[in-house]
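This report refers to the structure that appears directly beneath it.
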Amino acid sequence: MTLVSSKEMLISAQKGHYAIAAFNIHNMETLKAVVEAAREERAPVILQATPGTCRHAGVNFLYAMAKTAALEADIPIALHLDHGDDVELAFKCIDAGFTSVMVDGSKLPFEQNVEMVRKVVDYARPRGVQVEAELGRVGGVEEELSVSEYEAAMTEPGKAAEYVERTGVDSLAVAIGTAHGMYYKGEPKLDFERLEKIKNLVAVPLVLHGCSGVPDDMVKKAIALGICKINIATDIKIAFAGALLDYFKDNPKEVDPRKYFKPAQEAVKDVVKSKIRLAGSCGRLS
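Residues in the sequence shown are numbered from 1019 upward in steps of one, following my numbering.
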């Protein structure tokens, strides 16, 4: 199977009242772990790469790995740019073969955000590429992205409806109280009332960023209220790094990456399976 657009995945999730789990990958090992877990769960899946990962691995290398995984797998797989920080990077990913891109203009004033996203939509749509954008700002830290608690702004339902109409985006990431990274100051407080208002005003599938560390019951409630895609990044990093640390404690002289990456991949697979089940996308291949 070739790489597919995430648009059909998200529309199916919206109709079926479940979500697609999207995972940030960084190298071959994390990519393979995500795909293997999704195959075993018989679930469609979205592989995501941030601008930092695009610089680290290279856009063409990421596409080549994802394309190979899709050709060998019998599940729908999309390749997505996560938090694309400029128009040119989005264009580069689209030209390389990414099937979905997020262009993040959330730090810009509303009109500039709309203008930036519209440029990407106009470029992506004729090429069959799904576009995600964000209104409001998800707090926390993710690679170079840092948004303080004071800067973080919730998505305004009325503005969200206008934003979707004017940009033409295929999916909308909303800020309702989640944060990138983990929660070190206590349990997150999600504004479910705000989410419900947005859902009633916006027709496109909704996306929830910053799901690592969010209690399962909160994620399930968000999905029930209209979230169609959940983003997982930090949970994967923690699992991968933790397994490596444990391995080297017992095998401090090991130098063969084929040996020490194996438990790290298995740890990531466990996380991916749990998040796919949480999203409710197991067995949702049609």
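The beta carbon of each residue, even a glycine, is placed where N, CA and C say it ideally should be.
Comparing alpha carbon positions, the residue from Thr1196, Gln1066, Met1120 and Pro1233 closest to Ala1171 is Thr1196.
Counting other Cβ atoms within 10 Å of its Cβ, Gly1076 stays below 16 and is therefore classed as exposed. Within the same chain, Cβ atoms closer than 6 Å to the Cβ of His1044 are found at Thr1071, the five residues on either side in sequence being excluded. Residue pairing by DSSP places Met1120 opposite Glu1150 in a beta bridge. The beta carbon of Lys1215 is closer than 6 Å to those of Pro1175 in its chain, skipping five residues each way along the sequence.
Within the stretch 1060-1097, the runs of alpha helix (DSSP H) at least 4 residues long that lie entirely inside it are, in chain order, 1069-1075 and 1077-1090. Annotated as distal: Cys1229 and Val1220, with beta-carbon spacing of 8 Å or more. Judged by their CB atoms, Ala1039 and Val1063 are nearer to each other than the 8 Å cut-off. Sorting Gln1283, Tyr1081 and Ala1114 by C-alpha distance to the C-alpha of Ile1256 places Gln1283 at the top. Rounded to whole angstroms, the Cβ separation of Lys1287 and Glu1054 is 6 Å, and the two are in contact under 8 Å. For Val1286, the enclosing alpha helix (DSSP H) stretches over residues Pro1275 to Ala1297. Inter-residue distance for Asp1188 and Lys1280 is about 37 Å (C-alpha atoms, whole angstroms). The three-state secondary structure of Lys1247, taken from DSSP, is strand. About 7 Å separates the beta carbons of Val1225 and Leu1190, which is inside the 8 Å limit, making them a contact pair. Beta-bridge partners of Ala1191 (DSSP): Glu1152 and Val1225.
With a beta-carbon spacing of about 14 Å, Leu1089 and Leu1065 fall beyond the 8 Å limit used to define contacts. As the crow flies, the alpha-carbon of Ile1095 is around 20 Å from that of Pro1144. For Asn1218, the uninterrupted alpha helix (DSSP H) segment begins and ends at Phe1210 to Leu1219. If you draw a 10 Å sphere on the C-beta of Met1027, you find 16 or more other C-beta atoms in it, and that means buried.
In this structure the stretch 1240-1250 does not lie against the stretch 1262-1272, because fewer than three pairs of beta carbons, one per stretch, are closer than 8 Å. Setting aside the 5 residues that flank it on each side, Gln1032 is surrounded in the same chain by Pro1223 and Cys1246, each with a C-beta closer than 6 Å to its C-beta; the list follows chain order. For Asn1269, no alpha helix (DSSP H) segment is defined, and its DSSP state is neither H nor E.
Contact between Val1135 and Gly1146 fails: their C-beta atoms lie close to 18 Å from each other, not under 8 Å. According to DSSP, Ala1039 shares a beta bridge with Ile1248. Going by DSSP, Leu1303 is part of no alpha helix (DSSP H) at all; its letter is neither H nor E. Boundaries of the alpha helix (DSSP H) harbouring Val1132: Phe1128 to Ala1142, taken from the DSSP string.
Separation of the CB atoms of Ile1241 and Ala1297 is rounded to 7 Å, and the pair is thereby assigned contact status at 8 Å. One thing to note: Ser1024 has its Cβ within 8 Å of the Cβ of Gln1148. Around the CB of Asp1100, 16 or more other CB atoms lie within 10 Å, so the residue is classed as buried.
Between Gly1102 and Met1083, the C-beta spacing is not below 8 Å.
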